[in-house]
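Below is one structure, written out as structure tokens; the observations come after it.
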Ligand code: AMP
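Numbering (this note's numbering), first residue to last: 1035 to 1147.
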């Protein structure tokens, strides 16, 4: 997988407002927030899109969901937050390193736009 801006954040080559880190993942505030709380949670393993994850990533994907929960509690948004994964350019993915958007702090419509 080609290096992305998110690999540079993992490697501390460019700055980010990091809110959570463990051995498998990293979370930082989105530079262009779409809600009062907008955090990106990424695996340290470079997986381009969620469709590119495979059986060996099963535990990692579960780990990401539990890390999102920890971050939600840390941010005080555990009662109302949205997780979004864009898979592919057609739905707006612009950085090809898997990331979960954690969004909260305003009202959200359903279905999503
Ligand atoms: P997506 O469109 O789902 O690929 O989301 C990529 C997200 O990364 C967008 O919400 C961008 O605002 C965000 N982003 C891009 N570069 C950075 C950066 N250097 N630091 C923090 N967020 C970034």
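Built from N, CA and C at the ideal position, the CB exists for glycine as well. Values in this document were obtained by computation on a predicted structure and should not be read as measured data.
Boundaries of the alpha helix (DSSP H) around residue 1097: 1092-1109. Residue side-chain check: residue 1095 keeps its Cβ at 7 Å or more from all non-hydrogen atoms of the ligand AMP. Three or more Cβ pairs closer than 8 Å define a contact, and the stretch 1116-1131 falls short of that threshold against the stretch 1046-1056. With a cut-off of 7 Å, the C-beta of residue 1128 is classified as near the ligand AMP, since at least one heavy atom of the ligand falls inside that distance.
Residue 1143 and residue 1131 have their C-alpha atoms some 26 Å from each other.
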